[in-house]
Amino acid sequence: MKTILIILMTILSVAVALYGWALIWPDSPIQNDGMAHHLADRPLAMYLHFGFGPLALAIGGFQFFTQLRARAPKLHRWVGRTYVTACMLSAVGGIWLGFGSDAGVVAQVGFLGLGVAWVVTTGYGFLTARARRFQDHKRWMTRSFALTFAAVTLRLYLPLSLGVMGLPFGTAYPVIAYACWIPNLLVAEWLVRRKGARRAVAAGAAQATP
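In structure tokens form, the structure reads like this:
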């Protein structure tokens, strides 16, 4: 079941990553007026965010496959470094865009919070790996990718709220600015703590065995 969920997560991530790249492709048929406006006003921020964010999204899911990590540890490290670099560059672009968003102050604060949390979790993930604290590294990278996956949840919530529920963009988008990442982070935290509790129980049982 766990492997199936990771595969599904990775497929969704790659699909949304390709969509993200298509949004900034010159003369893209799916590029809307809002995207074109931001590309014209802040091209560097847009290319940082939508160029490197999809890269982090596309490769991040593969890092959760245990067999891949075990069989190719050097590849895991290089993909991890690429992921961290892509997250940081995309976060810089995202925070830059967040300050100038025309979606309102509430949405701005939501996306700025996402950007800051993304930098913090990814930074700790990198630092704990450098310190060879690999259990902490896994925990922080789980949190980091939960925030990277906000790109997927945002793309799921937009058509659900606008198309299915018929909500106005001005009503839905400020809510999505928080809903796309806070529940993800809460789920990641639950997974991290559950795994930690299981590890503690197993360690206690091993010590109790004569």
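Residue numbers (full-length UniProt numbering): 1 to 210.
All C-beta atoms, glycine included, are put in the ideal place defined by N, C-alpha and C.
Keep in mind it's a predicted model, so treat the numbers as computed, not measured.
Within 7 Å, strictly: CB atoms of residue i and residue j
i: Ile7; j: Phe64; result: no
i: Ala56; j: Ala36; result: no
i: Gly93; j: Leu112; result: no
i: Leu147; j: Ala117; result: yes
i: Pro168; j: Gly104; result: no
i: Ala177; j: Ala107; result: yes
i: Arg143; j: Thr121; result: yes
i: Ala70; j: Val14; result: no
i: His22; j: Pro54; result: The question names His, but residue 22 is Ala in the sequence shown. No, they are not a contact pair.
i: Val192; j: Arg139; result: yes
i: Trp181; j: Leu114; result: yes
Residue span of the alpha helix (DSSP H) that contains residue i, given as start and end
i: residue 221; result: The structure shown has nothing for residue 221, since the chain only spans 1 to 210.
i: Met9; result: 2 to 23
i: Phe145; result: 134 to 148
i: Leu48; result: 43 to 60
i: Gly94; result: 73 to 99
i: Gly170; result: 169 to 179
Exposed unless 16 or more other CB atoms sit within 10 angstroms - verdict on residue i
i: Ile11; result: exposed
i: Ser90; result: buried
i: residue 213; result: There is no way to answer for residue 213, as the model of the chain reaches only from 1 to 210.
i: Phe134; result: exposed
i: Ala188; result: buried
i: Ile30; result: exposed
Cβ-heavy atom distance, residue i to the ligand COA, below 6 Å
i: His38; result: As presented, the structure is devoid of all ligands, the ligand COA included, so that no description of it is given.
CB contact check: residue i to chain B, cutoff 7 Å
i: Val187; result: No chain B is part of this structure, which consists of one protein chain only.
On the three-pair Cβ rule with 8 Å, is the segment 154 to 171 touching the segment 125 to 138?
Fewer than three Cβ pairs drawn from the segment 154 to 171 and the segment 125 to 138 lie within less than 8 Å of each other, which leaves the two stretches out of contact.
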